[in-house]
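S.K.:
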Ligand SMILES: Cc1ncc(COP(=O)(O)O)c(C=O)c1O
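Numbering (our numbering), first residue to last: 16 to 366.
(1) Output the residue ranges of the beta strand (DSSP E) runs that lie fully inside the segment 224-301 and measure 3 residues or longer, sorted by chain position.
(2) Taking 9 Å as the threshold (C-beta atoms), are residue 259 and residue 49 in contact?
(3) With a cut-off of 6 Å, give the chain-ordered residues whose Cβ is closer than this to any heavy atom of ligand 1.
(4) Alpha carbon to alpha carbon, how far is residue 231 from residue 17?
(5) Restricting to runs no shorter than 3 residues, where is the beta strand (DSSP E) found entirely within the segment 59-94?
(6) By the three-class DSSP mapping on this structure, what secondary structure does residue 166 have?
(7) Between which two residues does the beta strand (DSSP E) harbouring residue 309 extend?
(8) Pairs of beta-carbons, one from the segment 159-168 and one from the segment 184-202, closer than 8 Å: are there three or more?
(9) With DSSP run on the structure shown, which of helix, strand or coil describes residue 122?
(10) Spatial neighbours of residue 90 within its chain, please: CB distance less than 7 Å, with the 5 preceding and 5 following residues excluded, ordered by chain position.
(11) When the Cα of residue 43 is compared with those of 340, 334 and 361, which residue comes out closest?
(12) How would you write the range of the beta strand (DSSP E) that residue 17 sits in, first residue to last?
(13) Less than 8 Å between the CB atoms is what I'm expecting for residue 96 and residue 236, so what's the real figure, rounded?
(14) Contact defined as beta carbons within less than 8 Å: I believe residue 174 pairs with residue 202. What is the distance between those atoms, to the nearest angstrom?
(15) Using only alpha-carbon positions, find the residue among 268, 327 and 179 that is nearest to residue 41.
(16) Assuming contact is defined by CB atoms lying nearer than 9 Å, are residue 273 and residue 54 in contact in what I supplied?
(17) Roughly how many angstroms lie between the CA atoms of residue 298 and residue 363, to the nearest whole one?
(18) If we count Cβ pairs, one from each stretch, closer than 8 Å, do we get three or more for the segment 122-141 versus the segment 279-289?
(19) In three-state terms, what does DSSP make of residue 155?
(20) Measuring CA to CA, which of 305, 82, 355 and 31 is closest to residue 331?
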């Protein structure tokens with residue numbers, strides 16, 4: 016039968032996240048989750064949550080959560096925008112801030128959701144090649160554009176672009192909005208949040224999914240000046256008034272209040288990451304200098320696709336992207352020391 020409606024349908028190629036296997040014996044190093052549980056305060060808060068309150072809509076302003084974030088980041092409360100994971104925050108930022116005839120710029124090797132949102136919203140874009148060493152070259156972004164988005168540290172490379180270079184990009188693009196996606200900044204770099212009061216075209220996006228071990232509650236936030244925030248809120252409120260649910264808000268509040276646990280957790284991951292880089296390099300890999308909770312590595316004697324399948328057969332899942340420039344690399348999330356030792360053991364067996 017003729018499908019008369021087909022021309023009216025928006026057909027898109029979606030982003031494909033890493034797999035979430037059910038088998039609990041699998042060592043899962045494929046989606047940059049935290050290998051440790053969230054703060055124990057989150058556990059208490061969820062246990063003590065009055066389920067009767069679920070009949071009510073959640074808080075519209077999330078005042079308490081915003082106060083805690085504003086104290087942590089030393090910004091005013093009206094500079095914080097919350098969303099259902101930083102993916103949603105970024106998606107709404109693209110919709111709100113990227114409406115130019117000129118292309119939005121981002122690196123050719125970066126978070127692959129950026130192209131997906133551009134296509135979804137018909138935003139023109141241009142991918143700026145990273146160097147042969149996968150470095151972002153800041154001066155390549157000093158040209159006309161309809162906006163800029165940079166993940167720092169970048170994914171899947173883990174490479175960090177120095178604070179001064181980020182500032183140069185923001186400073187040289189005062190006619191457009193620059194989004195810095197800092198999903199991994201807690202694992203080694205200096206955040207651009209301190210620049211938000213200096214440059215009115217800067218938006219910095221963070222998440223609870225990585226360094227705070229709360230990927231399952233879906234909370235992310237942007238820090239931006241209050242004028243930009245008002246445009247973003249208006250778009251969000253034209254879409255869904257309640258993007259965060261009551262349980263997630265409570266969990267996020269507790270997590271952000273527990274600074275001591277947060278520090279301990281990220282220090283452990285940084286130390287395991289540095290050990291991982293050294294061990295991988297000692298057994299024939301070349302690993303980029305990651306400042307995130309994953310490493311991007313290539314083996315001199317074996318193809319990445321082969322290693323990926325081999326590890327999978329041993330119940331260790333890492334990420335392999337069958338894409339130009341990076342199809343001989345593996346992205347490996349930093350797990351516990353025990354999990355990483357298993358990984359090294361299997362890689363040694365395979366090589
Ligand atoms: C660079 C980058 N930005 C944003 C996200 C989204 O994180 P979430 O939606 O869990 O906050 C990810 C997730 O892996 C990421 O790698």
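From the three backbone atoms N, C-alpha and C, an ideal C-beta is built for every residue, glycine too.
M.R.: On the basis of the coordinates in this document:
(1) Within the segment 224-301, the complete beta strand (DSSP E) runs of at least 3 residues are 235-238.
(2) As a working mapping, residue 49 is identified with position 34 in the chain shown. As a working mapping, residue 259 is identified with position 244 in the chain shown. Taking 9 Å as the Cβ cut-off, residue 49 and residue 259 do not qualify as a contacting pair.
(3) Per the Cβ criterion, the list is 47, 100, 101, 102, 126, 166, 170, 196, 198, 222, 224, 230 and 235.
(4) Within the chain shown, numbered from 1, the residue matching residue 231 stands at position 216. Within the chain shown, numbered from 1, the residue matching residue 17 stands at position 2. In this structure, the CA atom of residue 231 is about 42 Å from the CA atom of residue 17.
(5) None, since the segment 59-94 contains no complete beta strand (DSSP E) of that length.
(6) Here residue 166 corresponds to residue number 151 of the chain shown, with the count starting at 1. Three-state DSSP puts residue 166 in a strand.
(7) Within the chain shown, residue 309 is the residue found at index 294, counting from 1. Counting along the chain, residue 309 sits inside the beta strand (DSSP E) bounded by residues 309-314.
(8) Counting Cβ pairs under 8 Å, three or more are found: they touch.
(9) Locating residue 122 in the chain shown gives position 107, counting from the first residue. Strand, per DSSP.
(10) What you label residue 90 is simply residue 75 of the chain shown in a count that begins at 1. Counting only Cβ-Cβ distances below 7 Å, and skipping sequence neighbours, we find 208, 211 and 238.
(11) Numbered from 1 along the chain shown, position 28 holds the residue referred to as residue 43. Among 340, 334 and 361, the Cα nearest to that of residue 43 belongs to 334.
(12) As a working note, residue 17 is residue 2 in the chain shown. Going by DSSP, residue 17 is part of no beta strand (DSSP E) at all; its letter is neither H nor E.
(13) As a position in the chain shown, residue 96 is number 81, starting the count at 1. As a position in the chain shown, residue 236 is number 221, starting the count at 1. Sure, about 6 Å apart at Cβ, within 8 Å.
(14) By 1-based counting over the chain shown, the position of residue 174 is 159. By 1-based counting over the chain shown, the position of residue 202 is 187. For a cut-off of 8 Å, the C-beta gap from residue 174 to residue 202 is around 12 Å, too long to register as a contact.
(15) Taking the first residue of the chain shown as position 1, residue 41 is located at position 26. Ranking 268, 327 and 179 by Cα distance to residue 41 puts 327 first.
(16) On the chain shown, position 258 is the one that residue 273 refers to. On the chain shown, position 39 is the one that residue 54 refers to. Taking 9 Å as the cut-off, the beta carbon of residue 273 is found closer than this to the beta carbon of residue 54.
(17) The sequence position of residue 298 within the chain shown is 283, counting from 1. The sequence position of residue 363 within the chain shown is 348, counting from 1. Whole-angstrom Cα-Cα distance: 7 Å.
(18) In short, these stretches do not touch, since the Cβ pair count stays below three.
(19) The residue given as residue 155 occupies position 140 in the chain shown. Note: residue 155 maps to helix in three-state DSSP.
(20) Within the chain shown, residue 331 is the residue found at index 316, counting from 1. When each option's Cα is compared against that of residue 331, the closest is 355.
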